[in-house]
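Contents: one structure, followed by commentary.
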Amino acid sequence: MFEALGQRLGSIFSGLRGKVSDSDLIEFTAQIKTALLESDVALEVAEGFSNKVLENCKSKSDEINKSTNPASRIFEIVNTELTQVLGGSARRLQFAKTPPTVILLTGLQGAGKTSLAGKLAYYLKSQGNTPLLVASDLQRPNAVTQLQVVGDSIKVPVFAPEPGNGIGDPIDVAKAGVKFAKDKLHNFVIVDTAGRTGVDQALMQQVIDIRDSIKPDETFFVVDAMIGQDAVRTAKAFLDGVGFDAVILTKLDGDARGGAALSIVELTGKPIIFAATGEKVTDFDLFYPDRMASRILGMGDVASLSEQAKRAMPEETSKKLEDKFLKGEDFTFEDFLSQLEAMKNMGSMSKLMGLLPGAAGMKKQIENFDESELVRTRAIIESMTPTERNNPKVLNGSRRARIARGSGRAISEINSLVERFSQAQKVMKQMRGGANIPGMGALAGMSNLPKPQQINLPKKKSRSGNPAKRAIEEGI
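The sequence shown begins at 390 in our numbering and counts up one residue at a time.
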């Protein structure tokens, strides 16, 4: 969603060269403001952000220009301010003192509340909780049925005493659902409510009545990130009419410009707690402002990539790989295969590569990546003998020809894989002594992409070896 903004900011940073004057800073922050406005960020937020960046840069101008890389120092300032605009730090769920913790979902029709309810339930279940879904949307056609289908798919019970389609009292259902959860010892209750195509008093009153009857511990406003400026206006209307504790953004994987995420916290004063980034129930997680700022500025989101990999890879396999690297043992095709298996459970390769630093500069290559490459790669590796997998150096011409016949692939594909595997080995060696990211070796070996484009920060100017000439250069 933030690709266009990230690319624009990257080009703005690349224009910084050497020492930076006040006029340079004014022009720089004006360009940032324009880039934000073009990404659907609210005018007052764009102005406030650019003014804060300008103020901080001016107050630290001596420090910036004394730095060996002034542009890098400005980059840090922008990153810090962007993190603050997005909320500063991740918001966590507030648990009830006495279970169950009741969560009320509100929002407009089409925001994806029902699907979101399932994702939230799955997220809670994966952490060892026992959530219950309550079908209090009795007006939208088939809303109750949809929630039941979602609940069945994730093996989470759904409390749905009324068929919906205009039949039944949503307030009674919500109250009965909370009582049912207490009786059956569920520690979370997620109440799905009806939405409308626009903000109206009837919608507000119904949600207010449900809120007052069940007294939720958390009220979340679910908003479609793709509706741009309307997302902020709608959020403010719900905040004034019903009130909510935090925001959940849906459809962050869409093609919108992302202004909602950058505006909604600043203008409502409420944090974003969760974000849905796809259609799968696993495409959902806590919203981390610092990670989102990092992605917008082209630095990737290695922390999220690592967490996804750890969830997808069995703990035993991950521990085995970690022990190998600590001992200095080489990354093998056996390890590569185990990581491919984990990556299959992590979702789209294109999404994974989008979390890598410099991904904005590889947009075209990432979009054109052939997902079936995973299947072909696995077929090649499985056609190798155990000796070949554990010692790729033995892969001579005749062995590669045999592997090609066994996997049904061309010899050129075998050669290409071996070359990319060599790159993956180098990546894993570089990671020794640092944080081990399960699946990173396979990701490096599968990508077949050029190196990520970095922000072109100015290099330190070399000094002349001649003392007299150096004195002239330095203005002595």
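Positions of the beta carbon are idealized from the N, C-alpha and C atoms, including for glycine.
A check of alpha carbon separations from glutamine 483 across Asp413, Met615, Leu784, Phe577 identifies Phe577 as the nearest. Along the segment 563-628, the alpha helix (DSSP H) occurs as fully enclosed runs of 4 or more residues at 590-603, listed in sequence order. Here glutamine 728 is buried. Its C-beta has 16 or more other C-beta atoms within 10 Å.
Under DSSP, the beta-bridge partners assigned to proline 520 are Phe577. Fewer than three beta-carbon pairs drawn from the segment 449-461 and the segment 476-495 are found closer than 8 Å, and the two stretches are therefore not classed as touching.
Between the alpha carbons of phenylalanine 633 and arginine 778 lies a distance of about 55 Å. Pairing lysine 514 with lysine 544, the inter-Cα distance amounts to about 9 Å.
Secondary structure of threonine 490 (DSSP, three-state): strand. Counting C-beta atoms within 10 angstroms of its own C-beta, threonine 487 has fewer than 16 neighbours from the protein chains shown and is therefore classed as exposed. For alanine 624, the CB contacts under 7 Å within the same chain, skipping 5 residues up- and downstream, are Phe610, Val612, Val636, Ile653, Thr657 in chain order. For isoleucine 662, the enclosing beta strand (DSSP E) has its first and last residue at 661-665. With 16 or more other Cβ atoms inside 10 Å of its own Cβ, arginine 684 counts as buried.
Rounded to the nearest whole angstrom, the C-alpha separation of alanine 506 and aspartate 558 is 20 Å. Distance from the CA of aspartate 413 to the CA of glutamate 433, rounded to the nearest whole angstrom, comes to 23 Å. Under the three-state reduction of DSSP output, alanine 790 falls in the helix class.
Between leucine 574 and threonine 490, the C-beta spacing is not below 9 Å. Between arginine 791 and isoleucine 770, the alpha-carbon positions lie close to 12 Å from each other. Rounded to whole angstroms, the separation of the alpha carbons of threonine 766 and glycine 795 is 13 Å.
Comparing alpha carbon positions, the residue from Val783, Glu452, Ile556 closest to phenylalanine 722 is Val783.
In this structure, Gly501 is the residue among Phe725, Leu394, Glu551, Gly501 with its C-alpha nearest to the C-alpha of alanine 664.
Going by C-alpha positions, arginine 809 is about 16 Å away from arginine 798. Taking the Cβ atoms as the reference, alanine 549 lies roughly 5 Å from valine 533, within the contact range of under 8 Å. In this structure, valine 580 and isoleucine 603 form a Cβ contact; the two beta carbons are roughly 7 Å apart against a cut-off of 8 Å.
If you check the CB distance, methionine 615 and lysine 640 come in under 9 Å. Taken through DSSP and simplified to helix, strand or coil, aspartate 674 comes out as strand. Here glycine 566 is buried, its C-beta having at least 16 other C-beta atoms within 10 Å. Within the DSSP bridge table, the entry for leucine 784 names no partner.
Looking from the CA of isoleucine 560, the closest CA among Gly553, Ala570, Ser525, Asp589 belongs to Ser525.
It is roughly 7 Å from the alpha-carbon of lysine 447 to the alpha-carbon of aspartate 411.
DSSP, reduced to helix, strand and coil, places leucine 641 outside both helices and strands of the structure shown, so it counts as coil. Between valine 631 and threonine 495, the CB-CB gap stays under 9 Å. Residue pairing by DSSP places isoleucine 556 opposite Gly553 in a beta bridge.
If you ignore the 5 residues before and after tyrosine 677, its C-beta comes within less than 6 Å of the C-beta of Ala479, all in its own chain and listed in chain order. About 18 Å separates the CB atoms of valine 409 and phenylalanine 438; that is not less than 8 Å, and the two are not in contact. The alpha helix (DSSP H) runs of length 4 or more contained entirely in the segment 418-491 are, from start to end of the chain, 432-448, 450-455, 459-474.
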